[in-house]
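Chains as they are written, first to last, in the numbering used here: chain A, 1 to 113; chain B, 1001 to 1116.
Think of the CB as a built atom: it goes at the ideal place given N, C-alpha and C, for glycine as much as any other residue.
Take a look at the structure set out below.
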Amino acid sequence: GQQVMQIPQYQHVQEGEDFTTYCNSSTTLSNIQWYKQRPGGHPVFLIQLVKSGEVKKQKRLTFQFGEAKKNSSLHITATQTTDVGTYFCAGQNGGTSYGKLTFGQGTILTVHP
Amino acid sequence: ETGVTQTPRHLVMGMTNKKSLKCEQHLGHNAMYWYKQSAKKPLELMFVYNFKEQTENNSVPSRFSPECPNSSHLFLHLHTLQPEDSALYLCASSQELGAGGYNEQFFGPGTRLTVL
């Protein structure tokens, strides 16, 4: 079945440093979504990428979708303590059933002030 | 906050108990989902309901039984669970956009389940 691998599993940074998490799918994706889960909270949708090579920005966050639509990345510039949490990518394969997302393992980000 | 509510928020049950988890979405969505989130594991999709019809059962043991009486409510009935079933159970909803497209998923706060 479809697998979505996400690295690194953990990332510790000093406040102000940059952070990147990478997501790789075993199959070509129709689209990919990114979610953030704060400690003790639930996943919250951040963004969806659909087009090959797409790049989207949300303030300090930059999301990329690979040309082959099999990989994606999330980059945070100048991290802040509010960025703490687990970042998940979730891919959908156009051939699978409706709405089914396959989540990566997540990257746990800690930011030291 | 998200328009998806779950009750109870915490549940402790014995292996012989029967309990139910409830999810309600106030967003007018037509699809609902159950996920299991265990420590150090990715989110595991359990069930998908689209327009009240179950469209996905991700090889979930029969001790978990979903019910979707209408597009706003989703239940997960639990019986004779095992300690390894202890996890955070998350409900989510989304809206089909037509032509196979869909929108993002909105998650509820989850039910923290402990099986003794």
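Proximity to residue i [Cα-Cα], best of the options
| i | options | result |
| --- | --- | --- |
| Asn1050(B) | Pro1061(B), Ser1062(B), Ser1072(B) | Ser1072(B) |
| Thr80(A) | Glu67(A), Arg60(A), Phe65(A) | The question names Thr, yet the displayed sequence has Gln at residue 80(A). Looking at the Cα atoms, Arg60(A) is the closest of the given residues. |
| Phe103(A) | Glu67(A), Pro113(A), Gln92(A) | Gln92(A) |
| Asp18(A) | Asp83(A), Cys89(A), Ala90(A), Gln105(A) | Asp83(A) |
| Thr1114(B) | Gln1082(B), Gly1003(B), Gly1028(B) | Gln1082(B) |
| Lys51(A) | Ala90(A), Phe65(A), Asn71(A) | Phe65(A) |
| Glu54(A) | Ser73(A), Pro39(A), Ile108(A), Pro43(A) | Ser73(A) |
| Lys100(A) | Gln1054(B), Thr1005(B), Leu1076(B) | Gln1054(B) |
| Asn71(A) | Cys89(A), Gly85(A), Arg38(A) | Cys89(A) |
| Thr1016(B) | Ala1039(B), Pro1069(B), Thr1080(B) | Thr1080(B) |
| Ala68(A) | Cys23(A), Gln9(A), Val44(A) | Cys23(A) |
| Pro8(A) | Leu1076(B), Lys1040(B), Arg1009(B) | Lys1040(B) |
Contact set for residue i: own chain, Cβ-Cβ below 6 angstroms, skip 5 residues either direction
| i | result |
| --- | --- |
| Gln3(A) | Ser26 |
| Thr96(A) | The predicted model places Thr96(A) with a pLDDT of 49, which falls under 50 and marks its position as unreliable; any figure quoted below should be read in that light. Correct list: empty, nothing qualifies. |
| Lys56(A) | Ile47, Phe63 |
| Asp1085(B) | Val1115 |
| Thr77(A) | Asp18, Arg60 |
Beta-carbon contacts of residue i that lie in its chain and below 7 angstroms, excluding the five residues immediately before and after
| i | result |
| --- | --- |
| Lys1019(B) | Leu1011, Met1013, Leu1078 |
| Thr1007(B) | Lys1022 |
| Gly1003(B) | Gln1025, His1026, Leu1027, Phe1106 |
| Tyr87(A) | Thr21, Trp34, Lys36, Leu74, Gly106, Thr107, Leu109 |
| Leu49(A) | Asn31, Ile32, Lys56, Phe63, Phe65, Ser72 |
| Val1060(B) | Met1046, Phe1047 |
| Ala1057(B) | Per the sequence shown, residue 1057(B) should be read as Asn rather than Ala. Result list for Asn1057(B): Phe1047, in chain order. |
Counterpart residues of residue i in DSSP-defined beta bridges
| i | result |
| --- | --- |
| Leu1024(B) | As written in the sequence, residue 1024(B) is Glu, which differs from the Leu given in the question. Thr1005(B), His1073(B), per the DSSP bridge assignment. |
| Val44(A) | Lys36(A) |
| Val968(B) | Missing from the structure shown is residue 968(B); chain B here goes from 1001 to 1116 and no further. |
| Val55(A) | Gln64(A) |
| Pro1066(B) | Leu1076(B) |
| Gly91(A) | Ile32(A), Thr102(A) |
| Asn1017(B) | Answer is none; Asn1017(B) lacks a bridge partner. |
8 angstroms Cβ shell around residue i - same chain, five flanking residues per side excluded
| i | result |
| --- | --- |
| Glu15(A) | Thr79, Gln80, Thr81, Val111, His112, Pro113 |
| Val13(A) | Phe19, Thr79, Leu109, Thr110, Val111, His112 |
| Gln1037(B) | Leu1043, Glu1044, Ala1087, Leu1088, Tyr1089, Leu1090, Gly1110 |
In the stretch 36-61 of chain A, which residues sit with their C-beta less than 8 angstroms from some C-beta in chain B, listed in chain order?
-> Gly41, His42, Pro43, Val44, Phe45, Gln48
Segment contact, 8 angstroms Cβ cut-off, at least three pairs: the stretch 1023-1033 of chain B with the stretch 1086-1097 of chain B = yes
Sufficient close CB pairs (3 or more, under 8 angstroms) joining the stretch 23-41 of chain A to the stretch 1051-1067 of chain B = no
Against chain A: residues of the stretch 1042-1063 of chain B by CB proximity under 9 angstroms = Pro1042, Leu1043, Glu1044, Leu1045, Val1048, Asn1050, Thr1055, Glu1056, Asn1058
Residues of the stretch 1081-1092 of chain B with Cβ closer than 7 angstroms to any Cβ of chain A, in chain order = Leu1090
Residues of the stretch 1017-1033 of chain B with Cβ closer than 8 angstroms to any Cβ of chain A, in chain order | Ala1031, Tyr1033
Contacting positions in the stretch 13-36 of chain A - beta carbon closer than 7 angstroms to chain B = Gln33
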